[in-house]
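Undergrad: Per my numbering, the very first residue in the sequence shown carries number 864; after that it's consecutive.
This is the structure I want to talk about, given as structure tokens.
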Amino acid sequence: PNSQRPKFHHSSVPFPYHTTKTTATMPLSAERKADYFTRMKELLATYSKLFVIEIENVGSMQLQQTRIALRGRAEVLMGKNTMMRKCIREFVEENPESPVAQLESCCRGNVGFVFTNGDLGEIREVLESNVRPAPARVGSVAPADVVVPKGPTGCDPGQTAFFQTLQIQTKITRGQIEMTSDTHLITAGEKVTASQAALLQKLGIEPFTYGMTLKQVYDSGSLFDAKVLDITDDVLAAKFVAALNAISKLSLALNMPTEASVTHSIANAFKAILSVTVELDKYTFEKAETYKAYLADPSAFAGSGGGGGGGGDEAAA
């Protein structure tokens, strides 16, 4: 009976969750710290682009899969925020003209860097494609709304009180509890309660997906929000045309010629001159001749649209 319920995607790959840095699981020796600093400085010197990523609730296996997918195209670097900030400061001291100092402010929270010299769009696709479904854990903050669809639950009638506690309307159908309407169970940003987590577990629903979150992008000295990458060439062209049209309309309304409106001004001037010229018998100009001829004898232009194919015998000849 439970198979009748709309299914959420389940992951067949178990993975551990962690909210700490992968390099923070145990203290690093002085030698390993030196190696880390050397490695990060090499990356800062070698690559001109990077993503600042957040890896909250991302498992070590999931992170490793991302590294493999990016092999040869990008380098993933994680570490303690204090170490990363110190390394950036040292690199700037050694390279005063380097613009990477602004990356120091990005080392807040559970973040890391993905270095590349390739196409940012391609790297972004890899980073955002590696997501995993996850259950709702008690006390965790919901990254998205959770709506449980109506239908059979597979739960026996003895558990009706549990659904009533969550104010979920139900009925008994064929010996099992059935939800009679879709239920908005969790709102994004709220903490998951024990009852909510228990219900989702009973229904076999893993409502959340976790993956690397792109926070910021660094490109040749410029640091900007990752959402800027959503702006494609087509979007820029459309925005430019819309702005150009707005400027043109404003210029025409104010009778103030600009580069955006000059073509419209010339066209409007031509129309004004033409409207006067066609009413005059003793004055004309070259471009007005066609219009005056049409107004004098419209029938002369009736056959100017182009004829069809010739007769079969003539064509064969």
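Backbone N, C-alpha and C define an ideal beta-carbon position, used for all residues, glycine too.
1) Enumerate in chain order the residues of its own chain whose CB-to-CB distance from ILE1031 is below 7 angstroms, with the five nearest sequence positions on each side excluded.
2) If we count the other Cβ atoms within 10 Å of its Cβ and call it buried at 16 or more, is GLY1084 buried or exposed?
3) Which of helix, strand or coil does DSSP assign to LEU1066?
4) Which stretch, first to last residue, makes up the beta strand (DSSP E) that contains GLY975?
5) Residues in its own chain within less than 8 angstroms of PRO1020 by CB, not counting five upstream and five downstream?
6) Work out the CA separation of ALA1163 and THR1153 for me, nearest whole Å.
7) Would you kindly work out how many angstroms separate the C-alpha atoms of THR1029 and LYS943, rounded to a whole number?
8) Where DSSP assigns a beta bridge to GLU917, which residues make up the other side?
9) According to DSSP, is ASP1093 part of a helix, a strand, or is it coil?
10) Could you check what DSSP says for ALA1132 in three-state terms: helix, strand or coil?
11) I believe THR929 touches MET1075 by the beta-carbon criterion, under 8 angstroms. Please report the beta-carbon distance rounded to the nearest angstrom.
12) In chain order, what residues of the same chain lie with their CB nearer than 7 angstroms to the CB of GLY1026, ignoring the 5 residues before and after it?
13) With distance defined between alpha-carbon atoms, name the residue in ARG952, TYR1073, ALA1165 and LEU1143 nearest to CYS970.
14) Does the beta-carbon distance from ALA997 to GLU1053 come in below 8 angstroms?
15) When you compare only the Cα positions, how much space is there between SER892 and TYR899?
16) In the DSSP assignment, find the unbroken alpha helix (DSSP H) run with ILE951 in it and report its ends.
17) Please report the distance separating the alpha-carbon of ALA999 from that of VAL974.
18) At what residues does the beta strand (DSSP E) containing ALA932 begin and finish?
19) Is it the case that the Cβ atoms of VAL1055 and VAL1001 are separated by a distance below 8 angstroms?
20) Do the CB positions of ALA1007 and ALA1051 come within less than 8 angstroms of each other?
21) Do you know whose CA, among GLU956, LEU1115 and ARG902, lies nearest ALA1132's CA?
TA: On the basis of the supplied data:
1) MET1042 and THR1046
2) Exposed, since its Cβ has fewer than 16 Cβ neighbours within 10 Å.
3) coil
4) 974-979
5) ILE1035, GLY1038, GLN1039 and ILE1040
6) A straight line joining the alpha-carbon of THR1153 with that of ALA1163 spans about 11 angstroms.
7) A small fix is needed here, since residue 1029 is Leu in this sequence, not Thr. Cα-Cα distance, rounded: 41 angstroms.
8) VAL974 and THR1076
9) helix
10) helix
11) In this structure THR929 is in contact with MET1075, their Cβ atoms being roughly 7 angstroms apart against a cut-off of 8 angstroms.
12) A small fix is needed here, since residue 1026 is Phe in this sequence, not Gly. Correct list, in chain order: THR1033 and ILE1040.
13) Checking every option, the nearest Cα to that of CYS970 belongs to ARG952.
14) no
15) 10 angstroms
16) Counting along the chain, the alpha helix (DSSP H) containing ILE951 begins and ends at 944-957.
17) 22 angstroms
18) Unbroken run through ALA932 is the alpha helix (DSSP H), 923-933; no beta strand (DSSP E).
19) One thing to note: VAL1055 has its Cβ within 8 angstroms of the Cβ of VAL1001.
20) yes
21) Nearest of GLU956, LEU1115 and ARG902 to ALA1132, Cα basis: LEU1115.
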